[in-house]
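K.L.:
Its first residue numbered 211, the sequence shown is counted upward by one per residue in this note's numbering. C-beta: ideal position from N, C-alpha, C; glycine also.
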Amino acid sequence: MSTGLWILIYILHCILTKWIISWGGAAYIQGWKTWFFFSSSQSEEWSKDQVIMMAWFFWIGFSILFLIGLFNPEFRFYKLKNSL
211 MSTGLWILIY ILHCILTKWI ISWGGAAYIQ GWKTWFFFSS SQSEEWSKDQ
261 VIMMAWFFWI GFSILFLIGL FNPEFRFYKL KNSL
């Protein structure tokens, strides 16, 4: 995976997460729609604040993964997929 594609994926993830956290996305996806974003069986029962909290956790986690993949390309997704 090229560095440009890696950065593009991160930017798209940041925009989606920012929408959930700040721009009213949590209220919109609250309920059954959270399953599409978080893939958890109990995510349908989450309140708006819980959806925002999980978005923060995913944003922080993916930011760490992004930095690792940015400086060490061998840790990007395609290597994880090919090693399984």
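Is leucine 294 helix, strand or coil when you go by DSSP?
P.N.:
Residue placement at leucine 294 is flagged as unreliable, the pLDDT there being 46, under the threshold of 50; a coordinate-derived value is accordingly withheld.
K.L.:
Identify, in the order they occur along the chain, each residue of the same chain with its Cβ nearer than 6 Å to the Cβ of alanine 236, setting aside the five sequence neighbours on each side.
P.N.:
Closer than 6 Å at Cβ, skipping near neighbours: Ile230, Lys258, Val261, Ile262.
K.L.:
Between Phe285, Leu280, Phe267, which lies nearest to lysine 228 when the distance is taken from Cα to Cα?
P.N.:
Lysine 228 has its Cα closest to that of Phe267, out of Phe285, Leu280, Phe267.
K.L.:
Round the Cβ separation of tyrosine 220 and phenylalanine 281 to the nearest angstrom and send it over; I've been treating them as touching at under 8 Å.
P.N.:
About 13 Å separates the two Cβ atoms, so there is no contact after all.
K.L.:
Please classify isoleucine 217 as buried or exposed, where buried requires at least 16 other C-beta atoms within 10 Å of its C-beta.
P.N.:
Result: exposed.
K.L.:
May I ask you to report which of helix, strand or coil DSSP gives tryptophan 266?
P.N.:
Three-state DSSP puts tryptophan 266 in a helix.
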